[in-house]
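Read the structure below first, then the notes.
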Amino acid sequence: MREKKKRSKDASVSEKRKIGGAVAALIAAVAVFAVMLQAEKNILTKYEKAKVYVTSVDIPKGQLITQDNLDTLFVLTEVDQAVVTTLTIQDPQELIGRVAAYDLSAGTLPAPGAFEVLDEIVQEIKDPVIAGFKAEDLYQVAGGVLRAGDRIHVYTVTDERETVLLWENVYVQGVFDQAGARIENGDTSTAAQRLNVYLAKEDVEAFYSGLASGMLRVVKVY
Numbered sequence: 001m002r003e004k005k006k007r008s009k010d011a012s013v014s015e016k017r018k019i020g021g022a023v024a025a026l027i028a029a030v031a032v033f034a035v036m037l038q039a040e041k042n043i044l045t046k047y048e049k050a051k052v053y054v055t056s057v058d059i060p061k062g063q064l065i066t067q068d069n070l071d072t073l074f075v076l077t078e079v080d081q082a083v084v085t086t087l088t089i090q091d092p093q094e095l096i097g098r099v100a101a102y103d104l105s106a107g108t109l110p111a112p113g114a115f116e117v118l119d120e121i122v123q124e125i126k127d128p129v130i131a132g133f134k135a136e137d138l139y140q141v142a143g144g145v146l147r148a149g150d151r152i153h154v155y156t157v158t159d160e161r162e163t164v165l166l167w168e169n170v171y172v173q174g175v176f177d178q179a180g181a182r183i184e185n186g187d188t189s190t191a192a193q194r195l196n197v198y199l200a201k202e203d204v205e206a207f208y209s210g211l212a213s214g215m216l217r218v219v220k221v222y
């Protein structure tokens with residue numbers, strides 16, 4: 001009788017141990033699942049996507065952004081949220097009237113520093129005017145590689161054969177071929193034959209006098 005009770009007690013203890021082990025295993029499984037769930041959440045958060053506008057094509061330096069070319073130059077796409085900053089331009093409409101400050105590759109997130117406001121450039125000039133001239137009027141014209149948006153320094157050579165800087169950082173407004181057609185900024189082969197630059201009104205007379213004398217020289221600013 002006593003032996004029977006002992007076996008019953010041992011069986012009860014064994015059963016409790018089995019239940020305890022099962023509960024412990026369940027708790028461990030829940031804990032592991034929770035850890036995995038959190039890890040997955042962290043991974044998903046890390047690679048969270050955001051819809052932003054990026055450049056859809058290569059945009060050359062000096063390219064003016066207009067309402068007409070906006071849809072050609074920018075496209076809405078998904079990128080990793082991590083690469084989007086508070087400086088990222090969300091609406092390309094904000095770029096209308098600006099020019100690319102440097103070459104931009106396709107897929108670039110537009111940022112304010114990548115574009116210059118054309119109106120602000122012109123406002124820096126006292127009584128700005130556009131002066132036009134032929135490439136042949138200036139020695140070499142930087143080898144014909146000037147494009148809209150470039151900056152140039154203009155020098156003169158004195159009778160004593162000294163070179164003197166007359167105007168610096170002159171903004172090139174547009175360049176044209178022999179027929180008068182505008183040369184686009186993406187065109188890297190056509191030589192500029194005619195050029196327009198922004199000058200202060202008070203400098204125009206001296207500029208054209210220098211052209212007539214054949215003593216002006218141009219250096220492109222990089």
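Heads up: the sequence shown is residues 1 to 222, going by this note's numbering.
Glycine is no exception: its CB is placed at the ideal position from the N, C-alpha and C atoms.
Model, not experiment: these values are computed from the prediction.
| Query | Result |
| --- | --- |
| Where V84 falls: helix, strand or coil (DSSP) | coil |
| Residues bridged to R98 (per DSSP) | V117 |
| E136 - DSSP class collapsed to helix/strand/coil | helix |
| Meets three-Cβ-pair contact criterion under 8 angstroms: the region 64-78 and the region 96-107 | yes |
| Supposed contact pair L146 and F223 - C-beta distance, whole angstroms, cut 8 angstroms | In the structure as shown, the chain starts at 1 and stops at 222, and residue 223 therefore has no counterpart that could be examined. |
| Inter-residue spacing [alpha-carbon to alpha-carbon] between D150 and K201 | 20 angstroms |
| Cβ shell of L44 (< 6 angstroms), same chain only, five flanking positions each side left out | Because L44 carries a pLDDT of 48, less than 50, the predicted location of this residue cannot be relied on, and no value is offered for it. |
| Beta-bridge partners of Y171, as assigned by DSSP | R151 |
| Own chain residues within Cβ distance below 7 angstroms of F133, not counting five before or after | L195, L211 |
| Selected residue, minimal CA-CA separation from A106, among E136, I130, K126, Y53 | Y53 |
| T158 - DSSP class collapsed to helix/strand/coil | coil |
| Beta bridge counterpart(s) of V197 as assigned by DSSP | A131, V172 |
| Close-in-space but distant-in-sequence residues of the same chain around A192 (CB under 8 angstroms, 5 per side omitted) | A135, V141, G144, V145, L146, R147, V175, F176, D177, I183 |
| Nearest to Y208 (by Cα), restricted to the options L138, Q123, Q90 | L138 |
| C-alpha distance - K126 paired with V204, whole-angstrom precision | 12 angstroms |
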